[in-house]
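Numbering (my numbering), first residue to last: 259 to 375.
Taking it in order: structure first as structure tokens, then the write-up.
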């Protein structure tokens, strides 16, 4: 089972990445995913998509995830490692998995959000 913290981080990253959104500055990539890449390619619903961050450095997140306080429970801080038997990964590892295993058909990334999301 994926930890709630990992799931929320992944969800936030994908929301900010704007799955396939065109960049305002196509030639100049100021906001990269990490030190070595500005985007990754992966497969979603059978189509290759590009995942990148929004290039507007003044962009502000609005809506549910823009709130700084949510009642706990149910929105409680979770341990970074949910269980010793479950490998804990960060955003870079998820991007590596998406751009290697998922795009090559060797892995699957499951969107576990409820339909109400």
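Glycine included, every Cβ here is placed at the ideal spot set by N, Cα and C.
Just so you know, these numbers come straight off a predicted model, no measurement behind them.
Would you tell me roughly how many angstroms separate the C-alpha atoms of residue i and residue j, rounded to the nearest one?
{"i": "residue 339", "j": "residue 327", "result": "23 Å"}
{"i": "residue 305", "j": "residue 299", "result": "10 Å"}
{"i": "residue 342", "j": "residue 336", "result": "14 Å"}
{"i": "residue 303", "j": "residue 365", "result": "14 Å"}
{"i": "residue 317", "j": "residue 296", "result": "17 Å"}
{"i": "residue 312", "j": "residue 320", "result": "14 Å"}
{"i": "residue 347", "j": "residue 372", "result": "22 Å"}
{"i": "residue 374", "j": "residue 322", "result": "13 Å"}
{"i": "residue 345", "j": "residue 324", "result": "28 Å"}
{"i": "residue 330", "j": "residue 353", "result": "30 Å"}
{"i": "residue 332", "j": "residue 349", "result": "23 Å"}
{"i": "residue 363", "j": "residue 370", "result": "19 Å"}
Secondary structure at residue i, three-state DSSP: helix, strand or coil?
{"i": "residue 325", "result": "coil"}
{"i": "residue 314", "result": "coil"}
{"i": "residue 294", "result": "coil"}
{"i": "residue 289", "result": "coil"}
{"i": "residue 336", "result": "coil"}
{"i": "residue 254", "result": "Outside the modelled stretch of the chain, which goes from 259 to 375, sits residue 254, for which no answer is possible."}
{"i": "residue 360", "result": "helix"}
{"i": "residue 307", "result": "strand"}
{"i": "residue 347", "result": "coil"}
Please identify the residue among the options whose C-alpha is closest to the C-alpha of residue i.
{"i": "residue 291", "options": "351, 360, 321", "result": "351"}
{"i": "residue 310", "options": "303, 294, 331, 323", "result": "294"}
Leaving out five residues before and five after residue i in sequence, what residues of the same chain have Cβ atoms less than 8 Å from its Cβ?
{"i": "residue 315", "result": "288, 289"}
{"i": "residue 356", "result": "298, 300, 309, 367"}
{"i": "residue 361", "result": "299, 300, 301, 306"}
Going along the chain, which residues of its own chain have a beta-carbon closer than 7 Å to the beta-carbon of residue i, five neighbours each way excluded?
{"i": "residue 334", "result": "none"}
{"i": "residue 358", "result": "none"}
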